[in-house]
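Each remark here refers to the structure printed beneath this line.
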Amino acid sequence: MSIIDTSIKRPVSILMAVAAIVIIGFVSVSQLSIDFFPNIEVPTLSVVTSYPGAGPQEVEKSVTRLVENAVGSVNDIDYIQSTSREGSSVVQVNFNWGANLDAATADIREKLDLINNALPDSADKPIIFKFSTALIPVMAFGLTGSDDLSYLYDLCDTVIRKKIEQAPGVANVDMAGGQKREVHVDVYKNRLLAFGLNIDSIAATLFLENQNVAGGYAYEGVYKFVLRTTGEFTSLDDIGSVIVTMKNGIPIQLKDIADVKWGYNEDTAILRHNGKPGLSLFIYKEAGMNTVQVADDVNAAVEELNNTLPAGIQLTKLFDSSMDIRKSIGGVWSAAIQGGILALLVLFFYLWDVRSSMIIGVSIPLSIIITFIFMYAFKVNLNIISLAGLALGVGMMVDSSIVVLENIYHHRWKGMGRYKGAATGTKEVILAITASTLTTVAVFLPIVFVQGMVAQIFRDLALTVTISLLSSLVVSVTLIPMLTSRIKVIKPPTGGTAKFLDKVDHLYGKLVALALRHKRIVLIPTFFGVLALLGLFGVIIGKESFPQVDEGRFNVSITFPVGTRVEYTDLMVKQMEKDIAEVLGKDLDRITTQIKASGFMGRFGGTSDYRATLRVFLFPLGQRIIGIEELIEKVRQKLKDYPAKINVSIQGSSAFLRVGAPIQIELKGDDIEVAAKLSKQILDILKDIPGLREPNIDKDDGLPEFQITIDRNLASKAGLNAMSISSAIQTGFAGKVATTIKSKEGTDIEIVVRLRPEDRLTLDDVMSLSVPSPNGKLVPLLSLVEFEKTFGPTAITRKDSIRYILINADVFDRPVDQVIADIQKAIAEKIYLPTGFTISYGGSYKDMQDTFSQLAMAFILALVLVYAIMASQFESLIAPFVIMFAVPFGALGSLILLYITGSTLSTTSAAGLVVLVGIVINNGIVLIDYINQLNASGIPIDQACKKAGERRLRPVMMTTLTTVLGLIPMAIGLGQGGELYSPLALSILGGLTVSTVFTLIVVPTAYSAIRKRFPMKIHED
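Here it is, written out as structure tokens:
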């Protein structure tokens, strides 16, 4: 007994199975985590090494090259790039997609262990970072309310951060800004020289004096006592009382030669919120945790903190990605519900029967519930991509049920009994609907198996659409026949709608008959016309990697001339804040300003007095009329006259989809001077390219340096070496952390030894230094070294061990591919590359090329799979070929609608083209299947084509309209994040609409023509 017969004869069993599915489904959906995107793991590892006090060239020589050579032998590497800045080395190892990053991390850690002893003593141990969406903070808060930034820092570090980190799911809280408390030992240079002291020896003395040491045990009677010497500092007086030397038998204390006082870290970032000084806290969640739940728990902790913090001090939310997630997912849900309602209205219009519409309508919620069960089983979270898959499938979930129910009704109207009619009607179409579903599902298999960002992003969509459609197929051959068999009387519709549809069927039959009589006139112009139009729209339509998503956040990165003092940077940035507030007006929510980097990001980009970042937060899109790109253009125009390099970039949960600037030109070559000249020539060319904004060389001007070259012979005669001289200079001017002291709260506060500010301001202060020799004599620094004013690089970038310069540019109001074409042409005409130099293109353009090549492969594989499934169903090699005529019509329809709506051919719209392959052929399958049945019964092929068209027009139009109308809310994309999934829906919407119109005429006409020339064996059931 078949599953169809079982379903009809055992209705209670079916209803119990449905009830069980519903219960399990609700339990599953309640356990699903919620996020904006799937957890995307970019195949990149970064090795970050801090080397305090070292310049870029020293960092490159002593750290970067060692790390590059060490990790270069790890398997599966695509390329290695590095940046050597003042005090830090970042080596980024980019692997091929699909590489095992856990194994790679272990290999890199093993390689780094081998070079640890070769690294400079003052360099920190290299740290390995793995990049994924989990590294994007889920929330940020600003702390303001006091001008005492050291107090705010201590409060945040000891109370606020600990409280928030206790919230479930919080992995880390990173702080930026404020003033970290330190103990400053500011040494008088003249007193240092007067007593013949070495500043390094003072730091060493403090370390030795600040010790608690266990000394074993002693016994007294029956008791055992632990021996412990207590010498740790507990106050500034303890530190100042340390004896640093003896003079004529008199002890000289530290306070006699230095000021010992409380201070704060001079390298701490300057941070403001809407002009008020404060701190920022960035919240990171644990991998796999529910972002929305984590945000709720953090918000609760912050509310509790705000109720207990001192008067005037308050935590203010800067951004909360859970709000974006709620809005985006709410938008997708809304689109899915609206699409489902529109699909049901189509059914009611055609069937004019509430019971029938509701029976088919059951397919949608039940298929979605089953999908939730499998999502929980496969650990797929609720995100904008997985839910877009459900919204995409809403209209298609009823396709199989429509065909089944319509065929059952057809037999019932002819007088067949309700049980036999349900069984016969379902069995007649089960092969056709199975093939249709499998062809639709098959197109997602290539997406699962391709590499790159495409697979990472669309795997969830592929899974949800696949499960929902397979679920709807099972529902259509079990629940639908069972429910229709319960209806005792089914009368054919006789109202005005039925008569209208009969006339449409009759008119369509005439059109098919006309086309069959003039096959060449129909087929030849149509075939060449669609190819010509495909070529035309393929050229004129714009292309980009991913659409921009307006989440209401953008960054303004500012770089003043290298060497600019932080006071001037701060002054200029304050004016920029006012200018941005003026130009944005009521659309501006708040601005967060940060001068110099700190915390997590400081490890990657270094920290500079001449750099600043303004994080601009707009009101949500629903509260403003102007889009983010237009507002950004206004900000660019307002700030263009400042003497600084300014770059504006859109931020948000989707920002990681666009790695780097939209346009990136890599100029490779080891000759720095030649590379600098070539890069400036390229920059001049870019300024004349239409659609480009903010072309810039990603390389700061030379860093003013005062190079000190040690005469090793003279130093050796004085009993000194390069390390002792360099260390004296570094400690005197940069400072050295000698040891720590405990605060009242139990945290460690660093004790920093250096010259007092008045003695370390000018270059003369450096040249007037003296270095104590081992025999106690003071040796003037001028007698040991040579001084030279010069300009050194602020950063040295390398790719695969070759130095390169990066030229960046943004794109406004023009497709990336068209801009790149103009750039390539201009560079080829005006730039001569010397031997050893190469130019390549990266940024969004390279991402687009890589993505499109992957999707092209997926498109070809989808065609092959779909063809194979249809060939197996029809037991014919020619019938599937005819049905696939619908594919070019579908592609043309997609491109036309994208062009009309001003959309581009992006990753999401191109993915829609791949999905379209499995959808547009469904109507052809239904037609050809019934044509074969009629032809097998003895009806001539032309007559069979006409009759099959008339008979299948109604289910074809119902399935098409339910899918099309189901996609309209998603295509409009009004909700937050709609820019991302709207092109996908538009692509399918346009393709399905155009292909259906042409398929209904071209497929039967072409099939008849081929059948007459090449008689085929009919596959009979």
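Numbers 1134 to 2154, taken from our numbering, label the letters of the sequence shown in order.
For every residue, glycine included, the Cβ atom is placed at its ideal position computed from N, Cα and C.
Every value quoted in this text rests on a predicted model; they were computed, and no experiment measured them.
Alpha carbon to alpha carbon, how far is residue i from residue j?
| i | j | result |
| --- | --- | --- |
| residue 1472 | residue 1454 | 27 Å |
| residue 1410 | residue 1719 | 23 Å |
| residue 1136 | residue 1437 | 58 Å |
| residue 1176 | residue 1229 | 7 Å |
| residue 1153 | residue 1607 | 15 Å |
| residue 2137 | residue 2026 | 20 Å |
| residue 1776 | residue 1369 | 44 Å |
| residue 2140 | residue 1991 | 27 Å |
| residue 1710 | residue 1747 | 8 Å |
| residue 1479 | residue 1292 | 60 Å |
| residue 1202 | residue 1764 | 46 Å |
| residue 2078 | residue 1663 | 23 Å |
| residue 2066 | residue 1560 | 13 Å |
| residue 1424 | residue 1535 | 39 Å |
| residue 1352 | residue 1361 | 14 Å |
| residue 1972 | residue 1211 | 18 Å |
| residue 2072 | residue 1570 | 28 Å |
| residue 1880 | residue 1398 | 16 Å |
Contact check, residue i vs residue j under 8 Å by CB: the rounded distance?
| i | j | result |
| --- | --- | --- |
| residue 1752 | residue 1722 | 5 Å |
| residue 2051 | residue 1995 | 7 Å |
| residue 1726 | residue 1451 | About 12 Å separates the two Cβ atoms, so there is no contact after all. |
| residue 1518 | residue 1594 | 5 Å |
| residue 1796 | residue 1944 | 6 Å |
| residue 1574 | residue 1599 | 5 Å |
| residue 1855 | residue 1843 | 5 Å |
Below 8 Å between beta carbons: does that hold for residue i and residue j?
| i | j | result |
| --- | --- | --- |
| residue 1728 | residue 1372 | no |
| residue 2048 | residue 2121 | yes |
| residue 1526 | residue 1541 | no |
| residue 1657 | residue 1492 | no |
| residue 1675 | residue 2037 | yes |
| residue 1329 | residue 1852 | no |
| residue 2043 | residue 2131 | no |
| residue 1076 | residue 1890 | Limits of the chain in this structure are 1134 at one end and 2154 at the other, which puts residue 1076 out of reach. |
| residue 1184 | residue 1255 | yes |
| residue 1823 | residue 2112 | no |
| residue 2020 | residue 2059 | no |
| residue 1917 | residue 1847 | yes |
| residue 1929 | residue 1189 | yes |
| residue 2040 | residue 2119 | no |
| residue 1156 | residue 1552 | no |
| residue 1705 | residue 1693 | yes |
For residue i, count the other beta carbons within 10 Å of its own beta carbon; 16 or more makes it buried, fewer makes it exposed. Which is it?
| i | result |
| --- | --- |
| residue 1926 | buried |
| residue 1435 | buried |
| residue 1677 | buried |
| residue 1159 | exposed |
| residue 1708 | exposed |
| residue 2098 | buried |
| residue 1430 | buried |
| residue 1366 | buried |
| residue 1139 | exposed |
| residue 2085 | buried |
| residue 1999 | buried |
| residue 1218 | buried |
| residue 1149 | exposed |
| residue 1621 | exposed |
| residue 1532 | buried |
| residue 1758 | exposed |
| residue 1700 | exposed |
| residue 1356 | exposed |
Could you tell me if the beta carbon of residue i falls within a distance shorter than 7 Å of some heavy atom in the ligand FMN?
| i | result |
| --- | --- |
| residue 1545 | As for the ligand FMN, it is missing from this structure, which has no ligand bound. |
Please go through the region 1635–1715 and give each complete beta strand (DSSP E) segment of 3 or more residues, from N-terminal end onward.
Those beta strand (DSSP E) runs which fall completely within the region 1635–1715 and span 3+ residues are 1686–1692.
Residue ranges of each alpha helix (DSSP H) within the region 1161–1241, 4 or longer:
Given a length threshold of 4 residues, each whole run of the alpha helix (DSSP H) inside the region 1161–1241 is given here in chain order: 1189–1192 and 1198–1204.
Quick one: which unbroken beta strand (DSSP E) runs of 3-plus residues sit fully inside the region 1346–1401? Chain order, please.
Secondary structure remark: continuous beta strand (DSSP E) runs of at least 3 residues inside the region 1346–1401, in chain order: 1356–1363, 1376–1380, 1383–1386 and 1391–1397.
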